[in-house]
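Take a look at the structure below.
In our numbering, the protein residues as written are 80 to 284.
Structure, rendered in structure tokens:
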């Protein structure tokens, strides 16, 4: 069986892959999402931990207004719809660095949704062009702690537990790895310029 060039081109176009991205953005705030513990980095292990971060029985979360404002600013920068209300959900999973046994996050009723982000795509040997990617939603959530493994020993540092994150969920609009890379780079620069995050991508393994 043989195919002409036109048929092969149609097959390639029909089978063109697309992918989406989920980006976790750590917000620039003095304290954590639901506790008053500082969200600073590069401090001794387990020194910035409130009772809530350890899932101490009887403790209740108090929402940090600064985190909400940062998330709303992100939504506006990404041309999102801002609903009149949003809701938090529990995502249950069991791991040592999540003492409560669940993460407080958003799913069905996020803080922002239906956005879009236009960015430039450029690379060596290709002409530059602009691309627009849809944003399904932004969801405000808390980070987990950090597990440290050394041989047969495992330790847990809860300094990071409860640090505020916004998860950016894109639509499957990326056709190449270069587009995905340029999206992340320019999203990072936009959020850093507006003081929403520090952009230190290497600091949260």
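Virtual Cβ for every residue (Gly too), placed ideally from N, Cα, C.
Taking the continuous beta strand (DSSP E) assigned at residue 209, which residues delimit it?
Here residue 209 refers to the residue found at position 130 of the chain shown. In the DSSP assignment, residue 209 falls within the beta strand (DSSP E) that extends over 205–221.
Which residues in the same chain as residue 161 place their Cβ atom closer than 8 Å to its Cβ, once the five residues preceding and following it in sequence are excluded?
Along the chain shown, one-based indexing puts residue 161 at 82. Around residue 161: 151, 154, 155, 190 and 191.
Taking buried to mean at least 16 other C-beta atoms within 10 Å of its own C-beta, is residue 260 buried or exposed?
As a working note, residue 260 is residue 181 in the chain shown. Exposed, by the Cβ-count rule.
My assumption, with CB atoms under 8 Å, is that residue 165 sits in contact with residue 188. Please give the rounded CB distance.
The count along the chain shown starts at 1 and reaches residue 165 at position 86. The count along the chain shown starts at 1 and reaches residue 188 at position 109. At roughly 5 Å, the Cβ-Cβ gap stays under 8 Å, so residue 165 and residue 188 are in contact.
C-alpha gap between residue 223 and residue 199, whole angstroms:
Position 144 of the chain shown, counted from the start, is the residue given in the question as residue 223. Position 120 of the chain shown, counted from the start, is the residue given in the question as residue 199. Going from the Cα of residue 223 to the Cα of residue 199 covers about 33 Å.
Quick one: is residue 97 buried, meaning 16 or more other Cβ sit within 10 Å of its Cβ, or exposed?
In the chain shown, residue 97 corresponds to position 18, counting from 1. It counts as exposed.
According to DSSP, is residue 188 helix, strand or coil?
Against the chain shown, residue 188 aligns to sequence position 109. Residue 188: coil per DSSP, three-state reduction.
Along the chain, where does the alpha helix (DSSP H) that runs through residue 266 open and close?
The residue labelled residue 266 in the question sits at position 187 within the chain shown. Looking at the DSSP string, the run of the alpha helix (DSSP H) that includes residue 266 is 256–272.
Could you tell me which whole alpha helix (DSSP H) segments of length 4 or greater appear in the segment 102–190?
144–156
Suppose you measure from the CA of residue 278 to the CA of residue 231; what does that come to, to the nearest Å?
For this step, residue 278 is matched to residue 199 along the chain shown. For this step, residue 231 is matched to residue 152 along the chain shown. Rounded to whole angstroms, residue 278 to residue 231 spans 33 Å at the Cα level.
Does any residue of chain B have a CB that is nearer than 8 Å to the CB of residue 230?
Going by chain labels, chain B is absent from the structure shown, which holds only one protein chain.
Best match in 139, 209, 122 and 133 for proximity to residue 253 [C-alpha to C-alpha]:
As a first step, residue 253 is located in the chain shown; it is residue number 174 there, counting from the start. Residue 209 is the option with its Cα nearest to residue 253.
If distances are taken between C-alpha atoms only, which option among 100, 108 and 101 comes closest to residue 241?
Numbered from its first residue, the chain shown carries residue 241 at position 162. With distances taken between Cα atoms, residue 241 lies closest to 108.
Comparing alpha-carbon positions, which option in 250, 123, 142 and 106 lies nearest residue 225?
Position 146 of the chain shown, counted from the start, is the residue given in the question as residue 225. Nearest option by C-alpha distance: 123.
Measure how close the beta-carbons of residue 196 and residue 244 come, nearest whole angstrom, since I'm counting them as under 8 Å.
Position 117 of the chain shown holds residue 196. Position 165 of the chain shown holds residue 244. About 18 Å; that fails the 8 Å criterion.
Smallest Cα separation from residue 228: which of 175, 181, 239 and 194?
The residue you call residue 228 lines up with position 149 of the chain shown. Ranking the options by Cα distance to residue 228, first place goes to 175.
Please classify residue 239: does DSSP put it in a helix, a strand, or coil?
Against the chain shown, residue 239 aligns to sequence position 160. In this structure, residue 239 counts as coil in the three-state DSSP scheme.
Inter-residue Cα distance where the pair is residue 269 and residue 276
Stepping through the chain shown from its first residue, residue 269 is reached at position 190. Stepping through the chain shown from its first residue, residue 276 is reached at position 197. Distance between the alpha carbons of residue 269 and residue 276 is about 9 Å.
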